[in-house]
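This report concerns only the one structure given below.
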Ligand SMILES: [Zn+2]
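In the numbering used here, the protein residues as written are 1 to 144.
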């Protein structure tokens, strides 16, 4: 069993561009900027679409489902006694080239992690809601 992340979180600095992303967990919804011109999801949040240079970007809710593209286990004890945890690169089902570097939580083992289906879960730190991901199967068990 791995820990759900580092024992001390480095939190993002909120600004007008990224606030919607880091606070979206308040209503349990993961959102990305979507370009009104070329309909690409854009991440990280920027004022101009990198694909078509359009400026018509607005937050759009996504399903919160994703797939583990890659992961690594952090064994470095930045804090003495802290447990290993899993850093995952998760691709969003709506657009797999949108990837989040995140933590995989409720993770029992590394078996079958690559390519597995995950869904977002939020960890709140004051006004920031960090989007973390857990396996779709284990979330079914804990919800029942
Ligand atoms: Zn665009």
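C-beta: ideal position from N, C-alpha, C; glycine also.
Since we're looking at a predicted model, the values are computed, not measured.
Selected residue, minimal CA-CA separation from residue i, among the options
i: residue 133; options: 14, 56 and 30; result: 30
i: residue 95; options: 114, 60, 17 and 126; result: 60
i: residue 10; options: 135, 78 and 110; result: 78
i: residue 92; options: 118, 76, 113 and 110; result: 118
i: residue 104; options: 68, 53, 19 and 126; result: 68
i: residue 107; options: 73, 97, 123 and 131; result: 73
i: residue 35; options: 22, 99, 52 and 24; result: 52
i: residue 136; options: 87, 121, 56 and 76; result: 121
For residue i, the residue or residues it bridges with in DSSP
i: residue 7; result: None, per the DSSP bridge assignment.
i: residue 117; result: 67
i: residue 20; result: Partner(s): none; residue 20 has no beta bridge.
i: residue 135; result: 118
i: residue 130; result: 123
i: residue 13; result: Paired residues: none, contrary to the question.
Contact test: residue i Cβ vs ligand 2 heavy atom, cutoff 7 Å
i: residue 4; result: Summarising the ligand content, the structure contains ligand 1 and does not contain ligand 2.
Residues passing the C-beta test against ligand 1 heavy atoms, cut-off 6 Å: 35, 37, 38, 40, 49, 51, 52 and 54
Secondary structure, alpha helix (DSSP H): runs of 4+ residues fully inside the segment 60-97: none
In chain order, each beta strand (DSSP E) run of at least 3 residues that lies wholly inside the segment 25-58: 31-35
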